[in-house]
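To convert, count from 1 in the sequence shown and add 50; that's the numbering used here. Glycine included, C-beta positions come from ideal geometry on N, C-alpha and C. Please read all numbers here as calculations on a predicted model, not as lab measurements.
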Amino acid sequence: RVNAVCPGLIDTPQSRERLWPEEWMRELLLDSVPGRKFGTEEDVANAVLFLCAPDSRYVAGETMVVDAGTSLGGTPYLRFVEKAGVVRKARPK
């Protein structure tokens, strides 16, 4: 069987450093998360454990999104980029 786990916004030292190094960025991202709570490494691990367990023996070819429903709301990251005024210019070829 092949399955995938696709984590959403997970609170780790690296994400705090790279995704929301400032409090206002953290707040903007939290606005896109139902329940206004970032996921934890344990949340992702639990999804992986489920896919490894005998109870998931009939689950195959799936991508399990672990994001508290954030992806159901549309494009949260694009809204973040728009609100934060963050724009990356393409590198010239």
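For residue i, the residue or residues it bridges with in DSSP
i	result
glycine 89	Ile60
threonine 113	Ala54
For residue j and residue i, the rounded distance between their alpha carbons
i	j	result
valine 94	valine 55	8 Å
tyrosine 108	leucine 122	25 Å
methionine 75	valine 83	13 Å
aspartate 117	proline 63	18 Å
aspartate 61	asparagine 53	23 Å
aspartate 105	leucine 99	10 Å
arginine 66	lysine 87	14 Å
glycine 85	cysteine 102	28 Å
glutamate 77	glutamate 92	22 Å
Beta-carbon spacing of residue i, residue j below 8 Å
i	j	result
glycine 58	threonine 113	no
arginine 51	alanine 110	yes
CA nearest to the CA of residue i, picked from the options
i	options	result
glutamate 132	Ser65, Arg68, Glu67, Leu79	Leu79
First and last residue of the uninterrupted alpha helix (DSSP H) at residue i
i	result
tryptophan 74	73 to 80
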